[in-house]
Amino acid sequence: MLGIRRRTFAGGVYPPEEKSHTEKKPIEEMPPPTTVVIPLQQHIGAPSEPIVKQGDQVRIGDRLSEPQGFVSVPVHASVSGTVQKIAPLPHPLGDQMLAIVIENDGQDTVTDAIKPDENYLALTPDEMRQKIKEAGIAGMGGATFPTHVKLSPPESKPIDILILNGAECEPYLTADHRLMLEYSQDIFNGLKIFQKILNVKKTYIAIEKNKPDAIRKMEEIAQGDKEVEVIGLKVKYPQGAEKQLIKAITGREVPTGGLPMDVGCLVQNVGTAKAVFDALRWGKPLYQRVITVSGPGIQKPKNLLVRIGTPFKDVIAFCGGYTETANKLVMGGPMMGLSQYTDEVPVIKGTSGIVVLDGKTSPTVEPSPCIGCGRCILTCPMGLVPTTIAQYVEAKNYEMAKKWNALDCIECGACTFVCPAKRPLLQSIRLGKYKIQTLNKKAG
Ligand code: SF4
Ligand code: SF4
1 MLGIRRRTFA GGVYPPEEKS HTEKKPIEEM PPPTTVVIPL QQHIGAPSEP IVKQGDQVRI
61 GDRLSEPQGF VSVPVHASVS GTVQKIAPLP HPLGDQMLAI VIENDGQDTV TDAIKPDENY
121 LALTPDEMRQ KIKEAGIAGM GGATFPTHVK LSPPESKPID ILILNGAECE PYLTADHRLM
181 LEYSQDIFNG LKIFQKILNV KKTYIAIEKN KPDAIRKMEE IAQGDKEVEV IGLKVKYPQG
241 AEKQLIKAIT GREVPTGGLP MDVGCLVQNV GTAKAVFDAL RWGKPLYQRV ITVSGPGIQK
301 PKNLLVRIGT PFKDVIAFCG GYTETANKLV MGGPMMGLSQ YTDEVPVIKG TSGIVVLDGK
361 TSPTVEPSPC IGCGRCILTC PMGLVPTTIA QYVEAKNYEM AKKWNALDCI ECGACTFVCP
421 AKRPLLQSIR LGKYKIQTLN KKAG
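Numbering (this note's numbering), first residue to last: 1 to 444.
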C-alpha cells in the first residue's frame, strides 16, 4: 500500500450525495420471493438461449440457458422450484424481453454442480476466464459487459494498469461502499484473480473520499502489498465512469471512440471482483447481488442481498413500501439510472440500486428553449457540446450528431443536471446514439 492521493478529472457536477440514508446500514439478506423472473438478456451481447422448459424442476445455481457465442453469458436459477413459463416480460432496460419465470418451492435446494476449489489460484488464466463465463458474470457496476470478454484483451493491447472501481459516485447508492466494508477480503482476492489473468502488477483501488471507512478497510487489506495502491478520489460526479477514473488516476486519455485497453488500462467494479472470487473459490454462479434501495419514495431504505429475478415490487415491499410522495422509480442512481414504468420488472445482474424519487427530487418541469449559457459544455466530462448534439438529434440530423461525437457520450446526465432551461439533453443524446448505432449497423 503506497498511500492516498486525491485526484480527479475535468468537468463534472456536485449533486447532493444522499448517501446517509443507507451508508451505515449493513447488508441485509432479503428472503427469496415466491416467484423470480430471470431475463435471458442481462448483459451486453447476444442473449442466451433457454435450455429448460415449462414444468422443469430446477435448483439454486442450475444453469437455465446457453450463451450464444463469445460475447454472451448464461443465466442461473436463483431459487429452487418449477419453471412456470418462458415468455416476453417487462425488462428494466425497456420493452419486453424473453424471461424464465420460476415458482419458488421454498426449499432452497442448491445444485450439486457448485463445488468449492481451494486451489483456484493454480488455474490457468484461460481456465479462470472459462469459469467466469460459466458463472454468468457480467460487470456489476451497471455496464453489464461480460467479464470474461473484458478480461481477454487482444495481444496487441497489453494492459499494464488495473483499476478496481469503488468510486460509487451516483447519489443514494451505497452497495459498493458496504461491500468494501463487509467483504473487503473477498474483493481483494478477486483483485488477485484479475491480476493473474491479465498478468498485471500495478493495481489501484479507487474510492471517493466520502467513504473514509472503506478507504481505511481496503488499505488494511492491501497492507504490505507493494503492487496495490488505494487512491482516495475527489467527490465529484461522474468520478466512477471508466474514462474519468483512468484520467484521474493515470493521466492517460482514452481516445475518441476508444476503449480503456487502448491506453493499457482495465477497470473492474468491486462487486464484480467479489462475484469472480465467489465463482472461482466457491463455484458459485451469479444468482444474487447486493443492491441499495433508497430515495424519498421508499419507507425504509436498505442495502440488500437479493436473488437475481426478484421483482422490484417485492423488494420495495420488503423496504416498507412506497411513501405517499413517491413519483418516480429508477433502476440505478438518479443521474445515470433508467426510469421504470412498472415495478413488475426484476432485479438483474446490472441492478446496482432501486431509487424512488418524489416531487422535490424529481420535479416535473416543462423544458424551455436553450438560452445558450454554455453550462452543459463546461460540465461535460467528455468535452462534448451537449446542446449542439441534442439540437441535431431533435432535427433528426444523426450524421451531424455523429460528427459532434455523440457516440463519446457516457450518458452521465451531468449536462441535464446543470441545464437551467431543463432541456432533456441526455434523453436526446441517448436517442441519437441509438439511431447512429442502428444506421452504422445497416451500413455494415
Ligand atoms: S453529453 Fe453525455 S457525457 Fe456529456 S455531460 Fe451530457 S450525458 Fe454526460
Ligand atoms: S445548459 Fe441548457 S440552456 Fe445552457 S447552453 Fe446547455 S442546453 Fe442551452
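Backbone N, C-alpha and C define an ideal beta-carbon position, used for all residues, glycine too.
Just so it is clear, the structure is predicted and the values come from calculations on it, not from any experiment.
Check                                                                                                                 : Outcome
Every unbroken beta strand (DSSP E) within the region 51 to 119, with a cutoff of 3 residues, ordered by chain        : 81 to 90 and 96 to 104
Reference S20, options T256, V293 and K85, closest by Cα                                                              : V293
Local Cβ density within 10 Å of A10, reported as buried at 16 or more and exposed below that                          : exposed
Separation of Q244 from T256, as counted between CA atoms                                                             : 13 Å
Residue burial classification, K442 (beta-carbon count within 10 angstroms, cutoff 16)                                : exposed
Beta-bridge pairing of Y345 - partner residues as DSSP gives them                                                     : Reading the sequence as shown, one finds Val at residue 345 and not Tyr. Answer is none; V345 lacks a bridge partner.
Residue from E170, Q68, M335 and E168 whose Cα sits closest to the Cα of E49                                          : Q68
Any non-hydrogen atom of ligand 1 within 7 Å of N382 CB                                                               : A quick correction: the sequence has Met, not Asn, at residue 382. Because some heavy atom of ligand 1 lies under 7 Å away, the Cβ of M382 counts as near it: yes.
Contact belief for L233 with L162 at Cβ below 8 Å, rounded distance in angstroms                                      : No, L233 and L162 are not in contact; Cβ-Cβ is about 16 Å, not under 8 Å.
Within 8 Å, strictly: CB atoms of Y237 and V13                                                                        : yes
Strand pairing of M261, partner residues [DSSP]                                                                       : Answer is none; M261 lacks a bridge partner.
Neighbourhood of M30 by C-beta, 6 Å cutoff - its chain only, sequence neighbours within 5 removed                     : L304, V306 and F318
N- and C-terminal bounds of the beta strand (DSSP E) containing T203                                                  : T203 to E208
Classification of S428 by the beta-carbon crowding that lies within 10 angstroms, buried from 16 upward               : buried
Heavy atom of ligand 2 within 7 Å of V418 beta-carbon                                                                 : yes
C415 beta carbon near ligand 1 (any heavy atom closer than 7 Å)                                                       : yes
Inter-residue spacing [alpha-carbon to alpha-carbon] between E229 and K115                                            : 33 Å
DSSP state of V200 mapped onto helix, strand, coil                                                                    : coil
For A273 and L151, the rounded distance between their alpha carbons                                                   : 12 Å
Residues of its chain near P171, where Cβ-Cβ distance is below 7 Å and the 5 sequence neighbours each way are ignored : P15, P16, E17, E18, G333, P334 and M335
Secondary structure of P386, DSSP reduced to three states                                                             : helix
Check whether E227 and K247 have beta carbons under 8 Å apart                                                         : no
Extent of the continuous alpha helix (DSSP H) run through L245                                                        : E242 to T250
Inter-residue Cα distance where the pair is K433 and T325                                                             : 34 Å
I100 versus T174 - alpha carbon distance                                                                              : 29 Å
Any non-hydrogen atom of ligand 4 closer than 7 Å to T379 Cβ                                                          : For the structure depicted, ligand 4 is absent and the ligand set comprises only ligand 1 and ligand 2.
Alpha-carbon to alpha-carbon, I249 and R5                                                                             : Note on R5: pLDDT 45, under 50, position unreliable in the model; the coordinate value appears next. Going by the C-alpha atoms only, they are around 9 Å apart.
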